[in-house]
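Here's the structure, in structure tokens; my notes come after.
2 protein chains.
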Amino acid sequence: MNLKIYSGESSEELVEVLKTAITRRSLIIILGECRVDYEGRAASRLEVGERVVIIKQDGALLVHRPYGYSPVNWQPSTVVIEVAFKPSVGLVIHAVRDKPREYLTVVFIRVGLVIIGELVDQGEFTMYLEERDMRDILAENPWIIEEDLRVLGVEKPIGEGYVDIYAIDKSGRHVLIELKRITATREAALQLYRYVEIYKKEYGETPRGILIAPSFSPTTLETLTRLGLEYKYVDLKKLWEFFKKRESKRVSLQEFSKRK
Amino acid sequence: MNLKIYSGESSEELVEVLKTAITRRSLIIILGECRVDYEGRAASRLEVGERVVIIKQDGALLVHRPYGYSPVNWQPSTVVIEVAFKPSVGLVIHAVRDKPREYLTVVFIRVGLVIIGELVDQGEFTMYLEERDMRDILAENPWIIEEDLRVLGVEKPIGEGYVDIYAIDKSGRHVLIELKRITATREAALQLYRYVEIYKKEYGETPRGILIAPSFSPTTLETLTRLGLEYKYVDLKKLWEFFKKRESKRVSLQEFSKRK
DNA sequence: CTATGCATGTCGATA
DNA sequence: TATCGACGTGCATAG
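Which chain is which? The protein sequence lines are D and P, in order.
Per our numbering, residue 1036 is the first one in the first sequence, and the count goes up by one each step.
Per our numbering, residue 1036 is the first one in the second sequence, and the count goes up by one each step.
Here it is in structure tokens:
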């Protein structure tokens, strides 16, 4: 990990240290008292306070207050970072981003601590039960939605968007299914309605529209009823079970092919 | 700022240090090699790698990889945090959140550095040119939109939503104006269309619908035309000038009253 | 490269 | 408290 800690150095010294660290694309953590200005899509000003500033190895910059999940100011990784010491002002960090053009300036009145290091992180990150997983499980097990439902496709283009699942029910009627992994909002209902309307126009046939989610807000239910749409609750825990079974199947398949 | 740095202590010692820090609601930064598991609305697994873990003074927990804007794992501030040392495993941090119920577990294989401190940050944060500012500036200077436009109100309730600006044009026709601070998407056009439709139904009169934004995607323009809506480009730089003038006016008024 | 939609989105305002 | 909409949303993916 190769960590270096600086504390008590002069600003002139720190500037050199930081410049080298930025050139080497090291991870930098600065704890200190600073002011922050931002201008770009919007503009903001943050008055003096004690904060944690992190410059990551890809140039991403975060200014964190001592509370809250989100950084108060930041710059994503596509940036040019410059450090300078201005005697009358302090230690200044400039981070400029292209597309959209945005400027971030952090001025340190006082630096308490600087940590510089090179972190190695190749660890794999796997996320389960995204909307994609939900869609795949339901497409593979459409009986969870209703009996004798035959899935014709997923992500079917409807107008300019895509409906999550496209199916045909036992009476031969076409079904458009929209999924939400979390509580469905009115927006989701309206989105489904748009698909149904476009489908009607394009294919001259009125499809059923079903919104599937673990829960629905009252407005959503009201909107669905008003628009003649259907809805169905889905239990994420149940889907999770299917997911695990599916994964284990995959793993055994992999094991199988390896053994061969 | 009162910073303490720990490096090279035994895990047993570190656990005590961390427990105290959590009780005191100090800011904690840990650099080390860890594995992370999350389960809640979704679920994820992050394999071993070197990372920065931050526990903030309100209990927010962030796991940052050495690159990228966003934390790879996290827990917002509404959490109970526990630290323990399990000899066969390592230093374990549990963070549990209610509503939604979510669990985060960080297991440190190796701790390189721990920083603990109490940060004081009362600095005011001001954001300029939010949509609200844009709306106020345009409502105060409607001639920017078009000549002889009279603003009747802002955030007028239409159905279940609110249209940003409600006005009447020189020919006496009602105008519904929807604003976007950034490139307008098709969603914005559809939203405006919904307002126009509802207005038509409720007031028995067809209003003009104008979408105002600094830029429009081609799909948005197509959608607007198809739905019989209008649009107008607005120059944020120009609005920014008005904003500054407006603010300075406010400031001088304050100065004025102070002098009195 | 742009446009579109998801996200453990988070966050704030409001009913 | 739940819901709704904005966000400097960021981010991946599809066309």
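From the three backbone atoms N, C-alpha and C, an ideal C-beta is built for every residue, glycine too.
Host alpha helix (DSSP H) of residue i (start-end)
i               : result
L1053 (chain P) : S1046 to T1058
E1257 (chain P) : P1253 to R1261
Interface partners of residue i on chain D, CB under 8 Å
i               : result
A1077 (chain P) : M1162, Y1163, L1164, E1165 and R1216
T1254 (chain P) : E1195
R1086 (chain P) : L1154 and D1156
R1221 (chain P) : E1195
Proximal chain D residues relative to residue i, where beta-carbon distance stays under 7 Å
i               : result
R1100 (chain P) : D1156
A1095 (chain P) : Y1102, G1103 and Y1104
P1111 (chain P) : Y1104
G1147 (chain P) : M1036 and L1038
V1107 (chain P) : F1160
Contacts that residue i makes with chain P (C-beta to C-beta distance below 7 Å)
i               : result
E1082 (chain D) : G1158 and E1159
I1040 (chain D) : I1040
G1244 (chain D) : In chain order: nothing, as chain P lies at least about 17 Å away.
I1233 (chain D) : Within 7 Å Cβ-Cβ: nothing; I1233 (chain D) doesn't reach chain P, min ~12 Å.
E1190 (chain D) : Correct list: empty, because the minimum Cβ distance to chain P is about 18 Å.
Given residue i as reference, the closest of the options once Cα atoms are compared
i               : options                               : result
E1240 (chain P) : P:F1143, P:V1155 and P:R1208          : P:R1208
I1063 (chain D) : D:V1149, D:A1077, D:H1129 and D:V1114 : D:V1149
I1193 (chain P) : P:I1057, P:E1047, P:A1223 and P:R1229 : P:R1229
V1115 (chain D) : D:S1123, D:S1046 and D:I1090          : D:I1090
Q1092 (chain P) : P:S1061, P:L1256 and P:Y1163          : P:S1061
Y1268 (chain D) : D:R1070, D:R1261 and D:S1252          : D:S1252
E1051 (chain D) : D:A1119, D:V1098 and D:K1215          : D:A1119
E1016 (chain P) : P:C1069, P:A1224, P:G1075 and P:V1146 : Shown here, chain P extends from 1036 to 1295; a query on residue 1016 (chain P) therefore has no answer.
N1176 (chain P) : P:L1038, P:A1077 and P:K1273          : P:K1273
R1086 (chain D) : D:L1173, D:A1223 and D:V1141          : D:V1141
Y1104 (chain P) : D:P1101, D:Y1138, D:L1096 and D:K1121 : D:L1096
P1122 (chain P) : P:Y1138, P:I1144 and P:E1137          : P:I1144
A1219 (chain D) : D:D1168, D:T1255 and D:V1231          : D:T1255
D1168 (chain P) : P:L1214, P:V1098 and P:K1235          : P:L1214
R1261 (chain D) : D:A1224, D:Y1138 and D:G1196          : D:A1224
I1057 (chain P) : P:Q1226, P:I1128 and P:V1210          : P:I1128
I1151 (chain D) : P:L1154, P:E1166, P:P1101 and P:E1232 : P:P1101
F1277 (chain D) : D:Y1163, D:Y1266, D:L1246 and D:A1248 : D:Y1163
I1247 (chain D) : D:G1263, D:E1232, D:R1281 and D:R1216 : D:R1216
V1098 (chain D) : D:V1071, D:G1075 and D:D1171          : D:V1071
L1154 (chain D) : D:G1075, D:M1036, D:R1221 and D:I1212 : D:M1036
L1066 (chain D) : D:L1259, D:E1165, D:I1040 and D:L1264 : D:I1040
R1170 (chain D) : D:E1068, D:L1053 and D:W1275          : D:W1275
Neighbouring residues, chain P, relative to residue i (Cβ below 8 Å)
i               : result
R1261 (chain D) : Neighbours of R1261 (chain D) on chain P: none; closest Cβ ~11 Å, over 8 Å.
I1089 (chain D) : V1087 and H1099
Under 9 Å by beta carbon: chain P residues contacting residue i
i               : result
R1136 (chain D) : The premise fails here: R1136 (chain D) is roughly 12 Å from chain P at the closest Cβ pair, so nothing lies under 9 Å.
R1059 (chain D) : Chain P residues near R1059 (chain D): none, gap ~13 Å exceeds 9 Å.
L1066 (chain D) : M1036, L1038, L1062, I1064, I1150, G1152 and L1154
Host beta strand (DSSP E) of residue i (start-end)
i               : result
R1229 (chain D) : That residue, R1229 (chain D), is in no beta strand (DSSP E); its alpha helix (DSSP H) goes R1221 to Y1238.
S1210 (chain P) : Here residue 1210 (chain P) turns out to be Val, not Ser, going by the sequence shown. Its beta strand (DSSP E) spans residues H1209 to L1214.
E1085 (chain P) : A1078 to I1090
V1146 (chain D) : E1137 to G1152
T1241 (chain D) : It is not in any beta strand (DSSP E) - T1241 (chain D) carries neither H nor E in the DSSP assignment.
T1161 (chain P) : F1160 to Y1163
I1063 (chain D) : L1062 to E1074
Q1110 (chain D) : N1108 to Q1110
Y1268 (chain P) : E1265 to Y1268
D1199 (chain P) : G1196 to I1203
G1125 (chain P) : G1125 to R1132
A1095 (chain D) : Premise fails: A1095 (chain D) is in no beta strand (DSSP E) and is neither H nor E.
V1114 (chain D) : V1114 to K1121
I1217 (chain P) : Looking at the DSSP string, I1217 (chain P) is not in any beta strand (DSSP E), and its letter there is neither H nor E.
Y1041 (chain P) : K1039 to Y1041
Distance cut-off 6 Å: residue i Cβ against heavy atoms of the ligand PLP
i               : result
T1260 (chain D) : With respect to small molecules bound, the structure shown includes none, and the ligand PLP cannot be examined in it.
Contiguous beta strand (DSSP E) assignments of at least 3 residues, all confined to the segment 1169-1194 of chain P: The segment 1169-1194 of chain P contains these whole beta strand (DSSP E) runs: 1185-1193.
Give a yes or no on contact between the segment 1157-1173 of chain P and the segment 1075-1085 of chain D, applying the rule of three or more CB pairs nearer than 8 Å. yes
Could you tell me whether the segment 1237-1255 of chain D touches the segment 1127-1135 of chain D, where touching means 3 or more Cβ pairs closer than 8 Å? no
So, does the segment 1198-1207 of chain D touch the segment 1179-1189 of chain D, judging by three or more C-beta pairs under 8 Å? Counting Cβ pairs under 8 Å, three or more are found: they touch.
Pair every Cβ in the segment 1103-1123 of chain P with every Cβ in the segment 1170-1185 of chain P, then say whether three or more of these pairs are closer than 8 Å. no
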